[in-house]
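See below for the structure under consideration.
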Amino acid sequence: MSYANGDLSQWDQFTAQVEPIALVKPYMVARYLTNYVMFHFCIADSEHDWREGSDQYKWIEKYLASVDKNKQPWQIFAAHRVLRYSSNSWYAQEGSFEDPWEENIYRSYGRNIKWISRSMDMFIISRTTL
Numbered sequence: 172m173s174y175a176n177g178d179l180s181q182w183d184q185f186t187a188q189v190e191p192i193a194l195v196k197p198y199m200v201a202r203y204l205t206n207y208v209m210f211h212f213c214i215a216d217s218e219h220d221w222r223e224g225s226d227q228y229k230w231i232e233k234y235l236a237s238v239d240k241n242k243q244p245w246q247i248f249a250a251h252r253v254l255r256y257s258s259n260s261w262y263a264q265e266g267s268f269e270d271p272w273e274e275n276i277y278r279s280y281g282r283n284i285k286w287i288s289r290s291m292d293m294f295i296i297s298r299t300t301l
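Plus 171 on top of the position in the sequence shown (first one is 1) and you've got the working numbering.
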């Protein structure tokens, strides 16, 4: 995680402090996929590189390409950090996650996409118009 600035002991301290809460409440620290009836969820780790060519980029692309839209017409992608902002050093040079991704997603996976931004970011891809 970028907050630790390479000092892994900070992570150990943090997870020890969070453990009492994480034992009784859902807590996500990594990317994952899950299904719920007609919804397919992809939750990304916004603390790791997801620029084109990165492992996470490839993972997200694989997810988007693999969804059976007849069984799960709603695909929901979310990340805890707002996609239009980044504290990473490359952000100032390359722009936000949304800029290239939005174009690629529209082109590759359909045009019915809705971005939702509050304290996290999410986009919803549907078979039908939102």
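Think of the CB as a built atom: it goes at the ideal place given N, C-alpha and C, for glycine as much as any other residue.
- Listed in chain order, the beta strand (DSSP E) elements of length 3 or more contained wholly in the segment 179-244 are 203-207 and 210-215.
- Spatial neighbours of residue 234 in its own chain (CB-CB distance under 7 Å, excluding positions within 5 residues in sequence) are listed in chain order as 204 and 213.
- Spatial neighbours of residue 228 in its own chain (CB-CB distance under 7 Å, excluding positions within 5 residues in sequence) are listed in chain order as 221 and 222.
- Sequence-distant partners of residue 226 (beyond 5 residues in either direction) whose C-beta falls short of 7 Å from its own C-beta are missing from its chain.
- Apart from sequence neighbours up to five positions away, the residues of its chain that approach residue 206 with a beta-carbon distance below 8 Å are 212 and 243, ordered along the chain.
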